[in-house]
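Report on the following structure.
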């Protein structure tokens, strides 16, 4: 009975698809490495060591510069749970999660670059943003809001009784921080720092655009350069193996720390506080929140201003822009559909296996359906693309199969987010209807359409919108497989930047950022509607 359940079959098919994608990438790497062992071994040179060192160094610095301010900003927001504009600030802190990295990079260039708004004030003495400084600014832009929300979520778990007791004892701000707030922040610190470190160590687009040369190159960018510019497959294999080893070690540490690897922060309703901040502390908190707000809002405002300054009507009339927009929409739609289908299959398979287990130990198949999607976090998109690039280059035109690779890789990479959106709703629906469906003999497509669909409609739409936004803004896979015949909006944007058509790039960034932001806002709205 158990294995005849169509939900288990669907879960096995989804696992097979993930295994095929990841396994094919590893097969390409292994075959290429075995074909040229000497070349792969010779790639271990001083330059490779410098790339590894810079990859780790920029991730460490980015993590410190994101985490330390986030602790103070989160505490400031926590100490003032109700003030005008607080909700807007928290919503603004979610925007970097929705922005494609290439759009944020352009906003940072428009604000801090040599031709940016600050340079117009600072004159010729304004420093160059390219290199380590630009990478750090971009990473902090993305990760400071994320870490702030995660720390604020942790502070929201402090029981109200502790605040009530602190108020009755007349506890000041310093002892309250030392005895109440810091223990909570300290317990959340390793997981949040590990998550930010993982995001920085696997950063591709930011380093590609803002790195500024060989001295500021990470492993992922070096993989891209080895395949697209140098065409040195042996070096690409060595770089990829090192990248996998690093990401695997980081994700393993995150798992042990219990970190939230999807980076989602569901903030609770602001609790009642029994300790009021004094005037000095309030002034310091206002300064902290204002500085964080300006830092996050600045690149966004620069992106909008630069984009509106472009000739949008001319861009809209260009056939290349229209074709890239259509290609992005089609590939994003297909990737989102595939991601949702695979995610739902894993969710259903895991639930069916847990119901059929009847108290015994979890089987290997059940464990795989529960954690299979998370495995893709160990292998960044550029690594998967590199493996398939090497596997297919001798048997097919790798640039002709770009649409297939973009759709499949982006779909699988979005699965952890889609599963997070859909799994609670499906498990709740199964809890209510499982016995009735078994008694009536309703299963398969009939059950999905008649029983599960009403509960899954909104969370499925949430997962779909988020997956499509991630696919639309991705540059990792299309950077390897893209060509003049297959271009997405991020690929065209990168090409316009490479040809120094910065005004066109700004207009395209505004278009791409607006679409991705609208999709993530829709996903958030749908998710909130389901919870209510």
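Residue numbers (this note's numbering): 1 to 532.
From the three backbone atoms N, C-alpha and C, an ideal C-beta is built for every residue, glycine too.
In or out: residue 330 buried (at least 16 other Cβ within 10 Å) or exposed? exposed
Residue 78 and residue 152: beta carbons closer than 8 Å? yes
Going by DSSP in three states, residue 130 sits in which element: helix, strand or coil? coil
Which residue marks the beginning of the alpha helix (DSSP H) containing residue 484, and which one marks its end? Here residue 484 belongs to no alpha helix (DSSP H), and DSSP marks it neither H nor E.
Which ranges would you report for the alpha helix (DSSP H) in the stretch 363-387 if only whole runs of at least 4 residues count? 364-371
Could you check the C-alpha separation between residue 491 and residue 166 for me, to the nearest Å? 55 Å
In whole angstroms, what separates the C-alpha of residue 219 from that of residue 232? 14 Å
Under the rule that 16 or more other beta-carbon atoms within 10 Å means buried, what is residue 121, buried or exposed? exposed
Assess contact between the stretch 101-117 and the stretch 300-307, defined as three or more Cβ pairs (one per stretch) separated by less than 8 Å. Is contact present? yes
In the structure shown, what three-state DSSP assignment does residue 190 receive? helix
Where does residue 205 sit, in a helix, a strand or coil, going by DSSP? helix
If we cut at 8 Å on Cβ distances, does residue 68 have a partner in chain C? The question asks about chain C, but that chain is absent: this structure has only one protein chain.
Within 10 Å of its beta-carbon, does residue 181 have 16 or more other beta-carbons around it, so buried, or fewer, so exposed? buried
What are the start and end residues of the alpha helix (DSSP H) that includes residue 181? Note, residue 181: premise wrong, no alpha helix (DSSP H); not H, not E.
Rounding to the nearest angstrom, what Cα-Cα distance links residue 63 and residue 72 in this structure? 15 Å
Please say whether residue 216 and residue 89 have beta carbons closer to each other than 8 Å? no
How would you label residue 44, buried or exposed, when you count the other beta carbons within 10 angstroms and need 16 or more for buried? exposed
Assigned exposure category for residue 101 - 16 Cβ within 10 Å defines buried: buried
Got a sec? Which residues, its chain only, sit under 6 Å from residue 208 by beta carbon, not counting five neighbours each side? 221
Between residue 511 and residue 295, what straight-line distance do the alpha-carbon atoms span, to the nearest angstrom? 22 Å
Under 7 Å Cβ to Cβ from residue 398, same chain only, skipping five residues before and after it: list those, please. 389, 392 and 481
In this structure, does DSSP put residue 524 in helix, strand or coil? helix
Spatial distance of residue 249 from residue 148 (CA atoms): 25 Å
Let's test the definition: count the other Cβ atoms within 10 Å of the Cβ of residue 451 and tell me whether it reaches 16, buried, or not, exposed. buried
Would you mind giving the Cβ-Cβ distance between residue 410 and residue 335, rounded to the nearest angstrom? I have them listed as a contact below 8 Å. 4 Å
Three or more C-beta pairs below 8 Å linking the stretch 423-437 and the stretch 447-466: yes
Spatial neighbours of residue 105 within its chain, please: C-beta separation below 7 Å, excluding the five flanking residues on both sides. 138, 205, 206, 209 and 210
Among the residues of its own chain, which have a CB less than 7 Å from the CB of residue 154, if the five just before and after it don't count? 184, 185 and 188
With a CB to CB cut of under 7 Å and the five nearest residues on each side skipped, what residues in its chain are close to residue 74? 148, 151, 152 and 155
Look at the alpha carbon of residue 561 and the alpha carbon of residue 65, and state the distance between them as a whole number of angstroms. Any answer about residue 561 is impossible in this case: the structure gives the chain only from 1 up to 532.
Is there at least one non-hydrogen atom of the ligand MG closer than 7 Å to the beta-carbon of residue 101? As far as ligands go, the structure on display features none, and thus does not contain the ligand MG.
Could you tell me the boundaries of the alpha helix (DSSP H) in which residue 318 lies? Run containing residue 318: none; DSSP gives neither H nor E here.
At which residues does the alpha helix (DSSP H) containing residue 16 begin and terminate? 6-35
Sorted by chain position, which residues of the same chain lie with C-beta nearer than 6 Å to residue 298's C-beta, five sequence neighbours on each side aside? 111
CA-to-CA distance, residue 475 to residue 350, given in whole angstroms: 32 Å
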